[in-house]
Amino acid sequence: MQRKPFDPEMELFRDQARRFFQNEIRPHSEKWREAGIVDREAFLKAGEQGFLCMWADEKYGGAGISDFRYEQILIEENVYHGDPGFFMTVHSRLIAPYLGTFGTEEQKDRFFPDIISGKKILAVAMTEPGAGSDIAGTKTRAEDKGDHWLLNGSKTYISNGILADIVFVAAKTDPDKPHAMTLFIVERGMEGFERGRNLKKMGLKAQDTAELFFHNVKVPKSNVLGTVGKGFYHLMHALAEERLLSAAGNVPAARAAVNVTREFVRDRILFGQPLSKMQNTRFKLAELDTEIEMAQCFLDRCVEVHNEGKLSAEDAARIKLFASEVYGRAVDECLQLHGGAGYMDEYPICRMYQDERINRIFAGTSEIMKEIVARSILD
Amino acid sequence: MSAQSNSFMPPLSPMLPRALFQSEHEDFRRSVRRFIEEEVTPHHARWEDQQHVDRDIWNKAGEMGLLCLTVPEEFGGIGADRRYSVVVLEEIMYAGASGLGWAVHSDIVAPYLINYGTQDQKQTWLPKLVSGEAVGAIAMTEPGTGSDLQAMKTTVVEDGDDYLLNGSKIFITNGYLSDLIIVAARLGDGPKGAKGISLFLVEADREGVEKAKPLKKVGMKAQDTCELYFNNVRIPKENVLGGPDYLGQGFVMLMKELAWERLIISVLSVAGAESALAHTLDYVRGRKAFGQAIAEFQNTRFKLAEMRSEIGIGQSYVDRSLELVLERKLSPEAAAAGKYWCSDMMNRVIDECVQLHGGYGWMWEYPVARAWADARVMRIFGGTNEIMKELIARSL
Chain A
144 MQRKPFDPEM ELFRDQARRF FQNEIRPHSE KWREAGIVDR EAFLKAGEQG
194 FLCMWADEKY GGAGISDFRY EQILIEENVY HGDPGFFMTV HSRLIAPYLG
244 TFGTEEQKDR FFPDIISGKK ILAVAMTEPG AGSDIAGTKT RAEDKGDHWL
294 LNGSKTYISN GILADIVFVA AKTDPDKPHA MTLFIVERGM EGFERGRNLK
344 KMGLKAQDTA ELFFHNVKVP KSNVLGTVGK GFYHLMHALA EERLLSAAGN
394 VPAARAAVNV TREFVRDRIL FGQPLSKMQN TRFKLAELDT EIEMAQCFLD
444 RCVEVHNEGK LSAEDAARIK LFASEVYGRA VDECLQLHGG AGYMDEYPIC
494 RMYQDERINR IFAGTSEIMK EIVARSILD
Chain B
6 MSAQSNSFMP PLSPMLPRAL FQSEHEDFRR SVRRFIEEEV TPHHARWEDQ
56 QHVDRDIWNK AGEMGLLCLT VPEEFGGIGA DRRYSVVVLE EIMYAGASGL
106 GWAVHSDIVA PYLINYGTQD QKQTWLPKLV SGEAVGAIAM TEPGTGSDLQ
156 AMKTTVVEDG DDYLLNGSKI FITNGYLSDL IIVAARLGDG PKGAKGISLF
206 LVEADREGVE KAKPLKKVGM KAQDTCELYF NNVRIPKENV LGGPDYLGQG
256 FVMLMKELAW ERLIISVLSV AGAESALAHT LDYVRGRKAF GQAIAEFQNT
306 RFKLAEMRSE IGIGQSYVDR SLELVLERKL SPEAAAAGKY WCSDMMNRVI
356 DECVQLHGGY GWMWEYPVAR AWADARVMRI FGGTNEIMKE LIARSL
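As given, the protein sequences belong to chains A and B, one line each in that order. According to the numbering used here, the residues represented by the first sequence are 144 to 522, in order. According to the numbering used here, the residues represented by the second sequence are 6 to 401, in order.
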């Protein structure tokens, strides 16, 4: 179905983004997958194009554009070039906004220019071995030592974990209150801050995901992000947008899987006719196409409402749930239509299949999404 | 556990705001709702038993201004836009009033006349359709012809100044109570295939028109769906819809509003699912099992969350489609996708709603049981979902 038209300048922006991802990112993705990590250079190049933190104030190097559709264009083009391992959006629109919303003027002056240029890369450290969506179960803690905080604990599954120069770490700061958490800005080189392995994953091979360890890290008071004790609420603050970001990637990724499959089924001859002429193929692809269109329509409406500042947690959960499930069904069906070829790494669908799986898990599992929706209608 | 005697259940508040509807639509919605509550719901069970609505409900609806909302003022209508039609369709589904064949009458038959009727045809029929004095039906399907129209066997042959119509039609909504039937037929000596089809305005009281008894159906039991037989029915040449220029143009005419006609089914599907969910929410809160309300079980919560999400997604697609319909830009493929997905979704949702009701869901007195039976045909009529998929596949 026809999407609501983007403004003409957005289409120009899309052309620019497409050229960038096709020319500067795509050629390296094979190498990055093998290395298990992207080059830092990629962030710098994105920064040069002005793609990082477009929403941020111009005085820091941003463009002051808060319209989510620009971000959506970047996300779409970052998917369409073929490998979703370059986690630019996590840096730029998921994590940096914490600084934008809760940072002091001094912190913004200190950190934003390097974040926006891509010189310094961001990660956020919430998840622990025993604390996922139930972040109240966090064990990492920080003690107030007068002129600094003493941080101890460990985090896992941290995206950009190896590359990160600046990590926003959630830690408990009042042993008696499970929700009393504080966010700390931990910087590369601080004593006691160490990285574990670059974790081997099922998919997203070019993406560096790591464990982080904090052993008596002295964090200066000037590196507290937001209000002491309010870290939990700070993290909750952006969840709707985080889920929207996730869905905004899932929909084009599902579309990309259908696109490669269209090509494949037209070329593959079976029992004397192209696979695309078989009714099962036609119906499966029609079903997927429809589901993706449904998701796209709902997503675009969510974006519209989000731009008005009105996207509810339930709607964000709904689109995250639906988009990731559609994406999951799409790669599975598309792989099936490829037959044995789909199981081979040289076919894009093989990688898409593996890259997809995490989307029903991160940014809140599908089960958590359902719980959020259920609460909104039952409790 | 007492049966839910009142079959009306207001829908949940919309998830994403429905930007298309304004306060005048909501005022209208309230009056439609009141009318159905007072004039339809109390009689619906009886209508199911007799297999058709009371004829006078058409006149009452006409008096209230609920029929054929898009008919221009010069022909007795109010010239409203299709948002008003959508309000009526939704309210019918919220109330489970599946006996009302207004969608075909108001939103399919009347638009044929508005789009193609000669001045004379419009003046003769539109005011009567608006007032409910005439009930409209459209007769395309035959025992051996569904979506493959080119297989149509009903024919007309020229006989002096008239045509003689012969053949039979099946599954005709509003057929039993119909006064005006738009009949698709092929010219006896014309080309084969889709090209030879024309549309004729046939008055139901013409000699040779025979209505069979309403067909017994799985659902929509108060809906008078029937077979129609035409034995040497003499129709004047001026009864070609649109006049002689439109002879042989039936196929093109049938295609013109296809996107809208499919959207109607999407609208009905989403509203029907919404209504079943509202009933189910009410039920799971009240019903206890193993010492707690079944609303508290995680399976119930997750199923309801999945349903609520899918309904919301269907709703936003329907509303976006409607927006495009108002701009006359909805493509047949996008409408086909909506029809297929929304009707499938409705069936999944209502089946799950029955499951959550347990044994009560199997009892006819529960609205969800009726909704389940009513829902099944959504995946079939207006072009089966398999046909929809074929259309989408072609566009890929």
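Ideal Cβ positions, reconstructed from N, Cα and C, are used throughout, including at glycine.
Here the stretch 201-208 of chain B lies against the stretch 176-193 of chain B, with 3 or more beta-carbon pairs under 8 angstroms apart. The Cβ atoms of residue 344 of chain B and residue 280 of chain B lie no closer than 8 angstroms to each other.
Excluding the 5 residues flanking it on each side, residue 354 of chain B has same chain C-beta neighbours closer than 7 angstroms at 278, 281, 282, 312, 315, 316, in chain order. Your pair residue 241 of chain A and residue 311 of chain A checks out as a contact, with CB atoms roughly 6 angstroms apart and the cut at 8 angstroms.
Counting only runs that start and end inside the stretch 25-107 of chain B, the alpha helix (DSSP H) elements of at least 4 residues fall at 28-40, 49-55, 61-68, 87-99.
From the listed residues A:518, A:400, A:210, A:322, the smallest Cα separation to residue 153 of chain A is found for A:210.
By the Cβ test, the stretch 72-87 of chain B is in contact with the stretch 107-125 of chain B, since at least three Cβ pairs between them sit closer than 8 angstroms. For residue 221 of chain A, the enclosing alpha helix (DSSP H) has its first and last residue at 211-223. By the C-beta criterion, the stretch 196-209 of chain A is judged to be in contact with the stretch 247-263 of chain A, since at least 3 inter-stretch pairs fall below 8 angstroms. Residue 286 of chain A is bridged by DSSP to A:293. The residue from A:262, A:290, A:298 with its alpha-carbon nearest to that of residue 273 of chain A is A:298. Contact check for residue 66 of chain B against residue 137 of chain B passes: the beta carbons are separated by less than 8 angstroms. The alpha-carbon of residue 362 of chain B is positioned some 16 angstroms away from that of residue 14 of chain B. CA-to-CA, the gap between residue 519 of chain A and residue 461 of chain A works out to about 11 angstroms.
The stretch 488-502 of chain A makes no contact with the stretch 414-424 of chain A; the number of CB pairs closer than 8 angstroms stays below 3. The shortest C-alpha to C-alpha distance from residue 380 of chain B to any of B:175, B:18, B:99 is the one to B:99. Under the 8 angstroms Cβ criterion, the stretch 219-237 of chain B counts as touching the stretch 168-175 of chain B, having at least three qualifying pairs. Under a criterion of Cβ atoms nearer than 8 angstroms, the residues of chain B adjacent to residue 426 of chain A are, in order, 391, 394, 395, 398. Sequence-distant partners of residue 203 of chain A (beyond 5 residues in either direction) whose C-beta falls short of 7 angstroms from its own C-beta, in its chain, are 251, 255, 256, 259.
Proximity of residue 394 of chain A to chain B, defined by a Cβ-Cβ separation below 8 angstroms, is not satisfied.
In this structure, the alpha-carbon of residue 160 of chain B lies about 6 angstroms from that of residue 170 of chain B.
In this structure, residue 179 of chain A lies away from residue 453 of chain A, with their beta-carbon atoms at least 8 angstroms apart. Contacts with chain A at 8 angstroms (Cβ-Cβ) include residue 321 of chain B. Counting only runs that start and end inside the stretch 149-233 of chain B, the beta strand (DSSP E) elements of at least 3 residues fall at 160-164, 167-177, 185-192, 202-208, 214-216.
When the alpha-carbon of residue 96 of chain B is set against those of B:261, B:36, B:341, B:69, the nearest one is in B:36. Within a 10 Å sphere around the beta-carbon of residue 84 of chain B sit fewer than 16 other beta-carbons, which makes this residue exposed. Between residue 281 of chain A and residue 333 of chain A, the gap from beta carbon to beta carbon reaches 8 angstroms or more. Among the CB atoms of chain B, none fall inside 8 angstroms of the CB of residue 476 of chain A. For residue 313 of chain B, the enclosing alpha helix (DSSP H) starts and ends at 303-331. DSSP, reduced to helix, strand and coil, places residue 239 of chain B within a strand of the structure shown. Partner residues in the beta bridge of residue 143 of chain B, as assigned by DSSP, are B:187. Taking C-beta separations shorter than 6 angstroms and ignoring five residues to either side along the sequence, the partners of residue 427 of chain A in its chain run 476, following chain order.
Close to residue 445 of chain A, with beta-carbon spacing below 9 angstroms, are these residues of chain B in chain order: 21, 321. Taking the C-beta atoms as reference points, residue 244 of chain A is found nearer than 8 angstroms to residue 380 of chain A. Looking at the DSSP output, residue 250 of chain A bridges to nothing. The C-beta of residue 338 of chain B has 16 or more other C-beta atoms within 10 Å across all chains shown, which makes the residue buried.
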